[in-house]
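One structure below.
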Amino acid sequence: MIKKQYRLYLREQVIEYIKLGNDQNMTPKIFKISKNSVNKWWIRYQEAGAIRAKSRLGSKDKIDPEKLRGYVEINEDKK
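Under the UniProt record's numbering, read the sequence shown as residues 1 to 79, first letter to last.
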(Lines of atoms letter the chains of each structure in order from A and count residues from 1; the text may use other names and numbers.)
(Lines give C-alpha, C1' and ligand atoms only; values in the text may rest on other atoms or scores of the structure.)
Protein backbone atom coordinates (compact mmCIF):
# COMPACT_ATOMS: atom_id res chain seq x y z
CA MET A 1 0.00 0.00 0.00
CA ILE A 2 1.31 3.46 -0.85
CA LYS A 3 2.35 5.54 2.15
CA LYS A 4 -0.21 8.29 1.55
CA GLN A 5 -3.03 5.78 1.17
CA TYR A 6 -1.92 3.97 4.32
CA ARG A 7 -2.01 7.18 6.36
CA LEU A 8 -5.55 7.92 5.21
CA TYR A 9 -6.54 4.31 5.89
CA LEU A 10 -5.06 4.56 9.39
CA ARG A 11 -6.96 7.79 10.10
CA GLU A 12 -10.18 6.17 8.93
CA GLN A 13 -9.59 3.15 11.16
CA VAL A 14 -8.80 5.31 14.21
CA ILE A 15 -11.89 7.50 13.73
CA GLU A 16 -14.11 4.48 13.17
CA TYR A 17 -12.69 2.79 16.28
CA ILE A 18 -13.53 5.82 18.44
CA LYS A 19 -16.98 6.27 16.80
CA LEU A 20 -17.83 2.70 17.82
CA GLY A 21 -17.53 3.82 21.44
CA ASN A 22 -14.04 2.55 22.22
CA ASP A 23 -11.86 4.40 24.71
CA GLN A 24 -10.00 7.28 23.07
CA ASN A 25 -7.19 6.98 25.63
CA MET A 26 -6.49 3.37 24.63
CA THR A 27 -6.55 4.10 20.90
CA PRO A 28 -2.89 5.23 20.64
CA LYS A 29 -1.69 1.98 22.21
CA ILE A 30 -3.84 -0.19 19.97
CA PHE A 31 -2.83 1.55 16.74
CA LYS A 32 0.74 2.31 17.91
CA ILE A 33 0.52 6.02 17.18
CA SER A 34 0.88 9.12 19.33
CA LYS A 35 -1.91 10.35 21.58
CA ASN A 36 -1.48 13.77 20.00
CA SER A 37 -2.27 12.38 16.53
CA VAL A 38 -5.39 10.64 17.79
CA ASN A 39 -6.59 13.81 19.52
CA LYS A 40 -5.94 16.04 16.48
CA TRP A 41 -7.65 13.63 14.10
CA TRP A 42 -10.67 13.22 16.38
CA ILE A 43 -11.09 16.96 16.98
CA ARG A 44 -10.77 17.66 13.25
CA TYR A 45 -13.37 14.97 12.52
CA GLN A 46 -15.78 16.39 15.11
CA GLU A 47 -15.37 20.00 13.97
CA ALA A 48 -15.24 19.59 10.21
CA GLY A 49 -16.32 16.02 9.54
CA ALA A 50 -13.02 15.61 7.70
CA ILE A 51 -10.67 12.68 7.91
CA ARG A 52 -8.17 13.76 5.27
CA ALA A 53 -5.19 15.88 6.25
CA LYS A 54 -5.36 19.60 5.59
CA SER A 55 -3.78 20.59 2.30
CA ARG A 56 -0.48 22.38 2.65
CA LEU A 57 0.71 25.37 0.71
CA GLY A 58 3.94 24.99 -1.19
CA SER A 59 6.96 27.06 -0.28
CA LYS A 60 7.66 30.31 -2.09
CA ASP A 61 10.62 30.64 -4.42
CA LYS A 62 13.64 32.07 -2.62
CA ILE A 63 14.80 33.86 -5.74
CA ASP A 64 12.90 35.37 -8.62
CA PRO A 65 13.31 33.06 -11.65
CA GLU A 66 13.84 36.05 -13.97
CA LYS A 67 16.65 37.41 -11.79
CA LEU A 68 18.27 33.97 -11.75
CA ARG A 69 18.12 33.71 -15.56
CA GLY A 70 19.66 37.17 -15.88
CA TYR A 71 22.45 36.27 -13.48
CA VAL A 72 23.19 33.03 -15.34
CA GLU A 73 23.28 34.83 -18.71
CA ILE A 74 25.70 37.46 -17.40
CA ASN A 75 27.94 34.92 -15.68
CA GLU A 76 27.76 31.89 -17.97
CA ASP A 77 31.34 32.33 -19.21
CA LYS A 78 32.73 32.47 -15.64
CA LYS A 79 33.64 29.34 -13.73
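Note that the Cβ used here is the ideal one computed from N, Cα and C, for glycine as well.
A quick note: this is a predicted structure, and the numbers were derived from the prediction, not measured.
Inspect the beta-carbon positions of residue i and residue j and report whether they are closer than 8 Å.
{"i": "Arg52", "j": "Leu20", "result": "no"}
{"i": "Ile2", "j": "Tyr45", "result": "no"}
{"i": "Gln13", "j": "Trp42", "result": "no"}
Return the chain-ordered list of same chain residues with a C-beta closer than 8 Å to the C-beta of residue i, the five sequence neighbours on each side being excluded.
{"i": "Leu10", "result": "Phe31, Ile33"}
Given a threshold of 16 other Cβ atoms within 10 Å of its Cβ, counted over all protein chains shown, does residue i qualify as buried or as exposed?
{"i": "residue 90", "result": "Nothing about residue 90 can be reported from this structure: the residues present for the chain run from 1 to 79 only."}
Legend entry - Completely contained alpha helix (DSSP H) runs for the UniProt domain "Transposase Synechocystis PCC 6803" (6 to 78), where each covers 4 or more residues: 27 to 31, 35 to 48, 65 to 75
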